Structure formats: structure tokens, C-alpha cells
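Here is the structure we will look at, set down as C-alpha cells.
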Amino acid sequence: MKYESLESGNYYHIFNQGNNGENIFIEDENYSYFLKLIKTHICSIADVFSYCLLKNHFHLLVQIKESTDEKLVSKAFSNFFNSYSKSINKIYDRSGSLFRDRFKRIKIADEIYLKKLIVYINLNPIYHGFVTDINLYRNSSYLSLISDKNTLLKREAIYLLFGDRDNFINHLIHKKLEFDEKLSVLVLE
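Anchor point for the sequence shown: position 140 equals 213 in our numbering, and the numbering is continuous, going up by one each time.
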């Protein structure tokens, strides 16, 4: 199966999950190692806007840097996923594919979808029932996006997209409340 190449200048939703529903993050150190590998392999060829790492899957929102050769992009992602998979296999004495398949990628064509995706990725721990308060989940970009601390994330670009920092936070709160309302309709008391 031929996969769409990642073209310079474009935004992509990158995601994958564990093979056979297995966890790809077994303990806390795995999450930080995954992020370290993003810094090592991906940040040279792409800007990272958002991420969410859950036990058995992950989401990344990246923009491939302008004038980046497609072969460099492909090699960077290959090195990234191979490094992580080999590490997990070695540490946990496992063999075979860690991920279900090659990573999925969706090209983001418009600003409306881009904004929805930023919200979706950052609220993913709530959608999957890991937390009810996004401030309590450490393995997503949300806390870095609302912080004043240095980050490799394109925080200012996200603020501009939503108008400013407060609008970004309010937008997430509004979407979370919508989700809670939809969920409450499904719960019988």
C-alpha cells in the first residue's frame, strides 16, 4: 500500500496505536522518552503544534517545515518510530511490531479543521475517560500550551489561530462542557 508523502509547508495529523490493542506506553518513563525522540528526530523537520500520548495510542499535529526534502521527512519519521519500538522491545523483552501498522497521516487542508483537531488532540484524555479535568493529564500538550515556560510547541501560533491565549482556553472549556452534556444524556440515573 502506497502512503501519501508528507509535503513541506503542510499540516498533518499523525497517529497510531499499539499492535493488537497493546499498550505502547507501559510506564511513565516511556512517555518522556517518546517526547525526547520527537525532539531528537522530528523537530528538525517539523514544527509540533499539539500532541497527546495515551496508553495504547498517540496523536501528533505537526507542520512540515518549508523547503524540507521529502526523503529527509520520511527518514526522520522512520528513525523516530524505529528508535521507540526497538527501545520498548528491548526494555520489556518483547519482539515484533509495537505499532499496528505504519503511522497514519491526514493532511489538514483548512483552518477550521486545524482548530478542531487542536481541540480534539488536547481533550483526547477526557474523551477516552483517563481524566475529567484536562489539567490533571500530564502526557498531552495542553499544560505546555497554557504555561509560560519555554516549549518547542508552536504555542504562539496556536494563540493567534484562536485569537489569544484566553480564547484558546475558553474554546477548550466550551468543547469539554459540550462533551459532558452529550455524555450526560447517555447516562441513566
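Cβ atoms here follow ideal geometry from the backbone N, Cα and C, with glycine treated the same way. What you are looking at is a predicted structure, and each value in this text was computed from that prediction instead of being measured.
Boundaries of the beta strand (DSSP E) around Arg-178: 177–181. Distance from the Cα of Ser-81 is smallest, within the candidate group Val-204, Leu-225, Ile-181, Leu-226, for Ile-181.
By the C-beta density criterion, Ile-246 is exposed, having fewer than 16 other C-beta atoms within 10 angstroms. In this structure, the alpha-carbon of Ala-230 lies about 25 Å from that of Ser-147. Rounded to the nearest angstrom, the gap between the Cα atoms of Leu-190 and Ala-119 is 17 Å. One alpha carbon belongs to Leu-108, the other to Ala-149, and they sit about 14 Å apart.
For Ile-137, the enclosing beta strand (DSSP E) has its first and last residue at 130–137. Considering only Val-192, Tyr-232, Glu-95, Leu-225, the residue with the shortest C-alpha distance to His-130 is Glu-95. Cβ neighbours of Gly-91 within its own chain (closer than 6 Å, five residues either side excluded): Ile-97, Asn-129. Across the structure, Ile-115 and Ser-151 are spaced so that their CA atoms are roughly 10 Å apart. For Ser-81, no beta strand (DSSP E) run applies, since DSSP gives it neither H nor E.
DSSP places Leu-127 within a strand segment (E or B) once states are collapsed to three. For the alpha helix (DSSP H) assignment, the uninterrupted runs of no fewer than 4 residues enclosed by the stretch 191–235 are, from N- to C-terminal side, 215–219, 228–235. It is roughly 31 Å from the alpha-carbon of Tyr-186 to the alpha-carbon of Asp-101. For Asp-101, the uninterrupted alpha helix (DSSP H) run begins and ends at 101–110, by DSSP. Taking a contact as a CB-CB distance under 8 Å, the pair Tyr-193 and Phe-203 does not count as one, their CB atoms being some 15 Å apart. Judged by beta-carbon spacing, Leu-234 lies within the 8 Å limit of Lys-188, meaning their Cβ atoms are closer than that value. Glu-143 and Ile-137 have their C-alpha atoms spaced approximately 9 Å apart.
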